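Q:
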Amino acid sequence: QKEVEQDPGPLSVPEGAIVSLNCTYSNSAFQYFMWYRQYSRKGPELLMYTYSSGNKEDGRFTAQVDKSSKYISLFIRDSQPSDSATYLCASFNTNAGKSTFGDGTTLTVKP
Amino acid sequence: EAGVAQSPRYKIIEKRQSVAFWCNPISGHATLYWYQQILGQGPKLLIQFQNNGVVDDSQLPKDRFSAERLKGVDSTLKIQPAKLEDSAVYLCASSLDGLASSLSYNEQFFGPGTRLTVL
């Protein structure tokens with residue numbers, strides 16, 4: 023079993039839709055939870071990260087972590103064609119000092 | 610601020626050949642990572658350096674892969690000999706200080722990657 027499992031997708035939505043991307047994790051030592059965006063033929067770039075449980079909002083993006091259920095979510099409001107990319111969730115174990123990535127969900131936002 | 614630089618961007622080789630990738634991290638970043646990203650999968654950590662010392666190479670196939678970070682700045686990753694299953698994007702990333710002792714998350718900045726095809 024992978025330590026970080028991500029809904030595989032792909033996901034295709036019309037412009038303006040609300041998008042929900044989800045992951046689960048198994049390692050209780052994970053303390054930081056990140057969302058990366060990866061455009062085709064580019065490296066991942068960090069969108070946002072949260073520490074422990076709770077919500078974090080940044081513009082149209084909201085990250086949510088529920089440590090009791092080991093569930094990680096990213097919500098995108100008013101999705102735009104420029105949001106079309108692969109979204110990677112990741113978790114960071116401060117004891118081990120390393121990140122573990124999910125396999126990504128590819129999102130297409132159609133104009 | 611310049612980002613993480615990698616070269617070459619693309620490489621095609623035949624199996625059993627050798628190949629090397631180069632990475633120049635963001636200036637001042639102590640920690641450097643090499644990841645392997647197979648098509649349709651997330652990045653998998655191969656090796657992590659803190660300055661010029663290895664912190665974690667537990668997932669590096671040491672019979673064929675090697676990496677070094679001389680002088681604690683640039684790094685090279687080598688595969689010798691390459692196998693078909695090594696076809697992937699090799700990503701380099703750096704962070705200010707990724708050591709566990711920091712007890713906090715340090716953002717990793719990724720380079721554009723090197724796309725390797727082994728025929």
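Heads up: the sequence lines are chains C and X, in that order.
Plus 22 on top of the position in the first sequence (first one is 1) and you've got our numbering.
Plus 609 on top of the position in the second sequence (first one is 1) and you've got our numbering.
Backbone N, C-alpha and C define an ideal beta-carbon position, used for all residues, glycine too.
Just so you know, these numbers come straight off a predicted model, no measurement behind them.
Do X:N715 and X:L700 have their CB atoms nearer than 8 Å?
A: No; because the gap between Cβ atoms is not below 8 Å, this pair is not in contact.
Q: Suppose contacts are defined by Cβ-Cβ distances below 8 Å. Is C:G124 in contact with X:G651 by that definition?
A: yes
Q: Per the contact definition of three or more C-beta pairs closer than 8 Å, is the stretch 60 to 68 of chain C in contact with the stretch 627 to 639 of chain X?
A: no
Q: Assuming contact is defined by CB atoms lying nearer than 8 Å, are X:S627 and X:Q689 in contact in what I supplied?
A: Cβ distance < 8 Å, so X:S627 and X:Q689 count as in contact.
Q: According to a CB-to-CB cut-off of less than 8 Å, which residues of the stretch 659 to 683 of chain X neighbour chain C?
A: Of all residues in the stretch 659 to 683 of chain X, V664, D665 have a Cβ within less than 8 Å of some Cβ in chain C.
Q: List the residues of chain X that C:L110 touches, going by C-beta distances under 8 Å, in chain order.
A: G651, P652
Q: Taking a cut of 9 Å between CB atoms, which residues from the stretch 113 to 127 of chain C lie near chain X?
A: Those residues of the stretch 113 to 127 of chain C that come within reach of chain X (Cβ to Cβ, closer than 9 Å) are F114, N115, T116, N117, A118, G119, K120, S121, T122, F123, G124, D125, G126.
Q: Tell me the DSSP secondary structure of X:L700 in three-state form.
A: Here DSSP, grouped into helix, strand and coil, assigns X:L700 to strand.
Q: CB-CB under 7 Å to X:R678, same chain, minus the five flanking residues each way: which ones, in chain order?
A: L641, F658, N661, S684
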